[in-house]
Amino acid sequence: MRRILAMIAGVVLLLGCMAGTSAASSANSSGNQKQASATAFKSVKVAAAPSGCGSGNFCFWPNAGYSPAGNPGELSGRNADWSVFSRSACPNGNWDNCASSDYNNGNSCEAIVWTGKSYSGSAGIVYRGTGGDFNSTFNNAVSSNSWSTASGGTSSACGGPVP
């Protein structure tokens, strides 16, 4: 009987510890580590948004290091298909699979990037007020974006979907 109770207690403890974990990992490859759950998130805290990244927007550039300066793509809502946003400098003439660096200059939400259209594939988080070069999973691989609350949920402002 004690073994059964000990096993049940272990399962409850394990499930309780997993309740706050997130399926999204950091989309960025460098910077200070920010621990939010059992998954480690890395992003670079920048003193001010890079040139051209307007307040309230998720911004992205075709090259690492926020380049070319002052000329990012900017989105403020959920977008299921980045191929509808033209960018002549990109291989396909649009932003689909073309972003190499990013900055979340949003007002209250965390940006979620997805490697597939319609919020599919791998999901990565870019915390508000942070950015950097995309890691190998997301570099030239982002096809859609959404928003979440800091806790990984949704709200009227941060409409998801979330991983």
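Quick note, the sequence shown lines up with residues -23 to -1, 1 to 140 if you use mature numbering (1 follows the signal peptide of the UniProt record, and there is no 0).
All residues carry an ideal CB built from backbone N, CA and C; glycine is no exception.
*State whether the stretch 62 to 70 contacts the stretch 80 to 94, with contact taken as three or more CB pairs (one from each stretch) at a distance under 8 Å.*
The answer is no - the stretch 80 to 94 does not touch the stretch 62 to 70, with fewer than three Cβ pairs under 8 Å.
_tryptophan 72 (DSSP reduced to helix, strand or coil)_ = coil
*Grab me the residues of tyrosine 43's own chain with a C-beta within less than 6 Å of its C-beta, minus the 5 sequence neighbours each way, in chain order.*
Pro27 and Ser78
_Residues of its chain near tyrosine 96, where Cβ-Cβ distance is below 6 Å and the 5 sequence neighbours each way are ignored_ = So the qualifying residues of the chain are Ser121, Ser123 and Pro138.
*Mind reading off the beta-carbon distance from cysteine 36 to glycine 47? Whole number of angstroms is fine, and I expect it under 8 Å.*
Contact flag wrong, Cβ pair sits at about 11 Å.
*Output the boundary residues of the beta strand (DSSP E) element that contains tryptophan 91.*
In the DSSP annotation of this structure, the continuous segment of the beta strand (DSSP E) that includes tryptophan 91 starts and ends at 87 to 93.
_Assuming asparagine 48 is part of the beta strand (DSSP E), what are its boundary residues?_
From DSSP, asparagine 48 is part of no beta strand (DSSP E); its letter is neither H nor E.
*Using the Cα positions of asparagine 116 and threonine 126, report the straight-line distance between them to the nearest angstrom.*
24 Å
*Neighbour-count burial assignment, threonine 16, 16 or more Cβ in a 10 Å radius*: Legend: pLDDT at threonine 16 = 26, less than 50; position of this residue unreliable, value from coordinates given subsequently. By the neighbour-count rule (16 or more Cβ atoms within 10 Å), threonine 16 is not buried but exposed.
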